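Residue numbers (the working numbering): 1177 to 1279.
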């Protein structure tokens, strides 16, 4: 298992998660914006939201310490002023992905 990078709420990330189907394993990539981090220590989780086909929002929650999470790549650092970005749920299209980028 790789070392988890330091990512914050508002960052655009790619989460590589291990999927087991019968006796086969594969890596599935989920790309979106981190909208929340909850808890502390071993029970800490993070929520990633993306816009899927048809403009439907999809959210997934992973434990930070999960062995199913192989790698978390930070694509863009976001500059946000709050801990939870639940207001993105009410936005449509490109606006749902718009977060200020850190310089």
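Ideal placement from N, C-alpha and C gives every residue a C-beta, glycine not left out.
No experiment lies behind these values; they were computed from the predicted model shown.
DSSP three-state label for residue i, please.
i            : result
residue 1270 : helix
residue 1275 : coil
Excluding sequence positions up to five away, which residues of its chain have a Cβ less than 6 Å from the Cβ of residue i?
i            : result
residue 1146 : Outside the shown range of the chain, which is 1177 to 1279, sits residue 1146, and nothing can be said about it.
residue 1188 : 1209, 1251, 1252
Please report the straight-line C-alpha distance between residue i and residue j, rounded to a whole angstrom.
i            : j            : result
residue 1226 : residue 1207 : 7 Å
residue 1269 : residue 1231 : 6 Å
residue 1221 : residue 1213 : 6 Å
residue 1185 : residue 1197 : 31 Å
residue 1223 : residue 1261 : 10 Å
residue 1191 : residue 1216 : 20 Å
residue 1235 : residue 1205 : 13 Å
Go through its chain and collect everything with a Cβ distance to residue i's Cβ below 7 Å, but skip five positions before and after it.
i            : result
residue 1233 : 1225, 1227, 1265, 1272
residue 1183 : 1189, 1210, 1248, 1250
Suppose the cutoff is 8 Å on Cβ atoms and the five residues either side in sequence are ignored; what does the same chain contact list for residue i look like?
i            : result
residue 1201 : 1194, 1195
Relative to the ligand ATP, is the shortest distance from any of its heavy atoms to the C-beta of residue i smaller than 7 Å?
i            : result
residue 1196 : As presented, the structure is devoid of all ligands, the ligand ATP included, so that no description of it is given.
Open item on the list: My parser needs the beta strand (DSSP E) runs of 3 or more residues fully inside the stretch 1186-1272; what are they?
Closed with: 1188-1197, 1200-1214, 1221-1227, 1233-1239, 1245-1252
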